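Notes follow once the structure below has been shown.
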Amino acid sequence: MRRVWLSRILGVLVLACLLAGAGFAALYVMWTRDLPSVQDVDLLALGGETRVYDRKNRLIGVLTPSLSSGALMSGDLLELGEISQPLRKAVVSSEDRRFNTHSGLDIIGIGRGLLKGLFFNDLEGGSSITQQLVKNTLLTDLNSARTLERKFKEAVLAYRVEKNFSKQQILAAYLNVVYWGKTERRSIVGIDQAAHAYFGKAASELNLAESVYLATLIPAPNSRYRAFEEYRPLARGLLERMVEDGVVTQAQADQAWRTPIYPAGWRIGWNEDGTVSSAALEKPERLEENLPAQLPQVAFHYLQAVERELVAQLGRQEAYASARIITGLDLDAQRAAEAAAREAELPEGATLGMAYVDPATGEVTALVGQQLGSGRPADWDNATQSRRQMGSSIKPFVYTQALAQGWKQSDTVMDSPLDGEYQPKNYDGRWLGYPVTLRYALDHSLNLPTVRLAQEVGLTNLEGKLTELGFRVQPDLGLSLSIGTLEASPLQVASAYAAFANGGLYRPPSFVRQVIDERGAVVYQRPQVPAIRVWDEQTAYLGLDMLMGVVGDLSAEQGGLATLAQIDGWPVGAKLEPPTISATCGLRAWCRALLEPSGWAARTISRFQIGPTVVRCLHRSGSGQSVGYWPGVSRRLSPCQPALPLPRCGGWKWHSEPKILRKVVSALRSNPKPR
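Our numbering puts the sequence shown at residues 1 to 675.
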């Protein structure tokens with residue numbers, strides 16, 4: 001009988017082991033199929049100084065690794081020999097006392113963390129230094145999540161890191177990326193910044209007492225910094241652990257306990273036995289003062305875009321190990337755009353984005369992602385990352401599609417309300433009630449004629465053309481697509497508008513031209529991507545001519561919507577938001593524009609967006625706020641360049657008086673389908 005029960009129990013255990021093994025295998029396959037390469041953690045790659053140059057080989061700056069936390073490395077990346085021995089020992093004893101003996105996973109620590117998760121529903125804890133390094137450099141999507149998936153991926157990657165790098169490399173990399181708190185203006189990342197911020201000295205000069213203090217800050221640096229007396233006992237506990245680990249003697253630990261330390265901003269009174277008699281945080285801003293001054297960085301968001309493009313093409317290791325990166329940026333254009341962004345007077349809660357594109361190559365020649373001030377700009381890049389409804393900036397594509405299908409600028413479309421359920425309105429709520437020419441409709445940014453025209457040219461044709469121009473057309477927009485419900489970034493619109501100035505050829509935007517390693521070998525050359533012909537030259541010219549008409553056909557008194565875009569002596573084409581009364585008190589008061597300064601010689605197009613980033617009511621969302629920045633930007637770009645005449649394409653008859661060749665009186669005539 002006993003044997004039967006033992007057999008049954010053994011069978012259950014075997015089955016449980018098989019099920020557990022199958023479950024582990026399934027999790028391994030599911031959670032490790034898309035793991036990043038551990039080579040990205042290479043300390044030499046992270047510590048390499050990759051210099052970035054503009055198209056004329058002028059230095060822009062240094063490519064700085066970004067961490068999964070969103071913080072950017074801005075201090076020096078140190079080799080292990082540049083970090084004091086006491087600091088290294090204190091951090092290992094505090095964060096991972098079995099670091100030198102395990103293979104990336106601290107089984108004892110993991111067990112403790114699992115028990116904590118089972119009994120306290122908290123999966124945090126038990127991470128080795130290697131796992132923390134993985135979290136801070138590789139697992140960008142799961143950095144803050146306390147999930148079994150994150151812990152599993154950490155474990156797998158930590159094991160791979162241990163197989164590829166020495167303990168010295170791993171520890172140095174960890175100390176260079178660990179988060180040590182923040183000031184009012186920036187994060188304190190890495191031991192170089194931490195040593196300067198808290199003690200005003202280099203990492204190599206830290207004594208044992210200072211090192212223990214910094215090590216005890218790591219789990220919660222901001223709260224522990226502000227409560228010195230409350231967390232002072234942690235230093236005693238860590239010193240005792242270091243004695244147990246055999247990395248310091250008892251005498252060294254006792255001496256460190258009695259050594260007075262003065263973290264930045266604190267006034268502390270010490271007793272001879274190492275206890276605190278008084279402590280007051282008087283000047284927390286000293287942390288910021290101790291850090292090296294942040295000089296205004298040129299092309300901050302451009303460098304971020306370069307990093308994203310390079311990492312996607314080469315991986316982090318090659319991107320940061322390179323010696324030189326040659327980009328398409330024009331430093332003069334960049335400085336002009338940044339000057340305009342600093343001078344911009346925006347409504348409260350508003351921001352901006354600018355992108356300049358070379359139509360001939362698709363290269364981004366300047367980029368500003370935020371309104372700039374005196375300090376480091378916010379990481380979010382409106383020029384490349386924001387997606388907002390295009391509004392009236394989509395209309396030139398509707399009209400040019402009509403031109404491509406044989407329409408003339410002098411053909412007419414009815415300006416009156418539509419039949420059917422879909423009832424758009426002109427921006428002022430009024431209509432003329434009679435046909436207007438295509439040129440008149442675009443000059444006045446009329447919605448009703450534009451929707452009618454979109455139905456005539458065909459939504460399928462319009463969607464296909466927008467896709468060719470690099471847009472991602474959201475499904476089921478219907479006829480509202482023609483008046484701007486498509487979402488896009490400023491850079492996408494700038495690149496699409498470039499086709500007007502490039503004879504109908506569209507080129508996708510790019511940032512990096514060439515990457516050169518330390519030996520002078522070219523490790524990356526931007527591939528020659530064939531341009532996409534979206535219009536023939538004559539159609540592109542006609543579309544550009546209509547854009548120039550938006551700026552120059554009407555004076556302000558005649559109702560011109562883009563007169564502020566005019567620059568004396570220079571041909572300018574633009575499409576702007578009409579001045580509307582906000583009825584929704586929402587987020588959208590965005591201005592869009594095309595600019596060709598210096599007579600088509602600079603070959604540069606700019607795209608502006610301005611809009612509130614908080615919900616608020618705007619009385620007007622007029623174009624003038626953004627357009628007023630254009631002349632200053634353009635004149636800074638080419639102060640000595642004369643404006644060149646725009647050459648006319650051949651093969652046409654030029655009429656002083658337009659001839660009406662076609663009329664569209666109605667749209668939505670019989671149970672229309674919007675697609």
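From the three backbone atoms N, C-alpha and C, an ideal C-beta is built for every residue, glycine too. Quantities reported herein were computed from a predicted structural model and do not represent experimental measurements.
Alpha carbon of Y159 to alpha carbon of L171, nearest angstrom: 15 Å
Within the stretch 235-319, ranges of the alpha helix (DSSP H) (whole runs, at least 4 residues): 250-258, 286-290 and 300-314, all fully within the stretch 235-319.
Per-residue DSSP class, three states only, for A339: The DSSP-derived three-state label of A339 is helix.
Which listed residue (A531, Y524, L544 and G573) has its alpha carbon closest to that of A321: Y524
Through-space distance from K283 to L561, alpha-carbon basis: 53 Å
Beta strand (DSSP E) segment containing R513, residue limits: Going by DSSP, R513 is part of the beta strand (DSSP E) stretching over V512 to I516.
Rounded straight-line distance, which links the Cα of I218 to that of G104: 19 Å
Straight-line gap, N136 to V178 (C-alpha atoms, nearest Å): Annotation: N136 to V178 spans about 7 Å, alpha carbon to alpha carbon.
Reference L77, options R376, L367 and Q193, closest by Cα: When only C-alpha atoms are compared, the closest one is Q193.
I326 burial status per 10 Å Cβ neighbour count (16 or more: buried): buried
Neighbour-count burial assignment, P597, 16 or more Cβ in a 10 Å radius: The pLDDT assigned to P597 is 34, lower than 50, so where the model puts this residue is not dependable, and the model offers no usable value.
Beta-carbon separation (whole angstroms), D415 vs L448, contact threshold 8 Å: 5 Å
G549, DSSP secondary structure in three states: helix
Three or more C-beta pairs below 8 Å linking the stretch 306-323 and the stretch 206-226: no
Straight-line gap, L80 to Q169 (C-alpha atoms, nearest Å): Distance from the CA atom of L80 to the CA atom of Q169, rounded to whole angstroms, is 8 Å.
Integer-rounded CB distance, given that K182 should sit under 8 Å from N207: Not really, about 25 Å apart at Cβ, beyond 8 Å.
Whether R226 touches L291 by CB criterion (9 Å): no
Distance between R526 and N426 (C-alpha atoms, nearest Å): Spanning the two alpha carbons is a distance of roughly 44 Å.
C-alpha gap between E487 and A195, whole angstroms: 46 Å
Residues bridged to G61 [DSSP beta-bridge criterion]: V52
Which residues DSSP lists as bridging S187, in chain order: K182
Backbone secondary structure at I83 - three-state DSSP: Annotated three-state conformation of I83 is coil, per DSSP.
Cβ pair count under 8 Å reaching 3, the stretch 355-363 against the stretch 81-90: no
Rounded Cβ spacing between V398 and S489 (contact assumed at less than 8 Å): 20 Å between Cβ atoms; not a contact.
Option in G265, A319 and S445 with minimal Cα separation from I394: For the residues G265, A319 and S445, the minimum Cα distance to I394 belongs to S445.
Where V473 falls: helix, strand or coil (DSSP): coil
Extent of the continuous alpha helix (DSSP H) to which A378 belongs: Counting along the chain, A378 falls outside any alpha helix (DSSP H), and DSSP gives it neither H nor E.
Which listed residue (A173, G504, S93 and Q304) has its alpha carbon closest to that of R382: It is worth fixing the name first, because residue 382 is Asn in this sequence and not Arg. Distances from the CA of N382 to each of A173, G504, S93 and Q304 were compared; the closest alpha carbon is that of Q304.
Helix, strand or coil at R97 according to DSSP, with G and I counted as helix: coil
Residues near Q528 by beta carbon distance below 6 Å, same chain, minus five either side: Same-chain partners within the cutoff: there are none.
Beta carbon of A344 nearer than 9 Å to that of I60: no
Chain D within 9 Å of A195, Cβ atoms only: Protein chains in the displayed structure number just one, and chain D is not present.
Nonlocal neighbours in the same chain, by C-beta distance under 7 Å from L43, ignoring five residues either side: Low confidence applies to L43: its pLDDT is 45, below 50, so where it sits in the model is not reliable enough to give any reading.
Backbone CA spacing between F99 and L239 [nearest angstrom]: 17 Å
Buried or exposed by the 16-neighbour rule on C-beta atoms within 10 Å, applied to P475: exposed
Whole-Å CB distance - P396 paired with L547, under 8 Å assumed: P396 to L547, Cβ: 6 Å. Contact.
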